[in-house]
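Here's the structure we're looking at; comments come further down.
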Amino acid sequence: MNELDQFIKHSLKEKHYLRYADDFIIVHHDAYHLAEVQRAIEDFLASTLRLKLHPDKITIRKYSQGVDFLGYVTLPYARVLRTKTKRRIMKKLRKRICEYKQGTIAETSLNQTISSYMGVLCHASSHKLKERIRHECWELIKNPDV
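Just so you know, we're using this note's numbering here: the sequence shown kicks off at 2 and counts up by one.
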């Protein structure tokens with residue numbers, strides 16, 4: 002993917018390009034420009050790397066609608082966790098709490114899981130979500146019926 006990075010930065014001269022593994026975003030104020038860049042990238046990938054962009058995973062949208070990238074949605078004045086990511090976190094936390102209560106995992110393992118998710122939330126505007134997770138975890142751990 003280094004070849005792609007070099008092409009986008011040096012040949013296309015895109016200033017606002019970000020890539021993590023095989024996901025990338027380019028931010029620009031002109032939708033027409035982004036469509037041209039997309040075509041150039043598709044041509045480069047096909048001819049040089051023998052790769053294709055996934056057609057269902059390409060979007061050109063206004064920045065005010067939010068940029069969905071790596072589990073977060075970045076808005077002009079905030080970064081929030083993607084709804085699907087929130088649901089996945091809550092489902093996995095409930096599962097880990099059940100495992101703890103059944104004795105299949107230790108308390109330290111449960112605490113590490115909770116801390117890990119809190120670390121993910123530190124990168125987002127998520128005070129209410131952190132409080133909700135703390136409250137739900139406490140309730141699930143203390144409730145004998147779960």
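For every residue, glycine included, the Cβ atom is placed at its ideal position computed from N, Cα and C.
It should be emphasised that the depicted structure is a prediction, and the values quoted were computed from it without experimental measurement.
Can the beta-carbon of residue i be found closer than 8 Å to that of residue j?
i, j, result
"Asp31", "Leu71", "no"
"His17", "Ile27", "yes"
"Ile61", "Leu19", "no"
"Val38", "Leu76", "no"
"Arg95", "Leu111", "no"
"Leu122", "Lys129", "no"
"Glu100", "Thr49", "no"
"Leu82", "Ser127", "yes"
"Tyr118", "Ile134", "yes"
I need the boundaries of the alpha helix (DSSP H) containing residue i, first residue and last residue.
i, result
"Ala47", "No alpha helix (DSSP H) contains Ala47, which DSSP labels as neither H nor E."
"Met91", "84-103"
"Arg62", "Arg62 -> no alpha helix (DSSP H), and no H or E assigned at all."
"Asp6", "3-7"
"Asn112", "108-122"
"Leu54", "Premise fails: Leu54 is in no alpha helix (DSSP H) and is neither H nor E."
"Glu137", "128-143"
What residues are listed by DSSP as bridge partners for residue i?
i, result
"Val68", "Thr75"
"Asp24", "Tyr21"
"Arg168", "Outside the displayed span of the chain (2 to 147) sits residue 168, for which this structure offers no information."
Between residue i and chain D, is the shortest Cβ-Cβ distance under 8 Å, so that the two count as touching?
i, result
"Phe45", "The displayed structure is made up of one protein chain only, and chain D is not part of it."
Can you round the beta-carbon distance between residue i and residue j to whole angstroms, since I take them to be within the 8 Å contact cut?
i, j, result
"Leu73", "His124", "The residue asked about is misnamed: residue 73 is Tyr in this sequence, not Leu. Right, the Cβ-Cβ distance comes to about 7 Å (below 8 Å), so this counts as a contact."
Closest by CA to residue i, which one among the options?
i, options, result
"Glu140", "Gln113, Lys102, Val68, Arg89", "Lys102"
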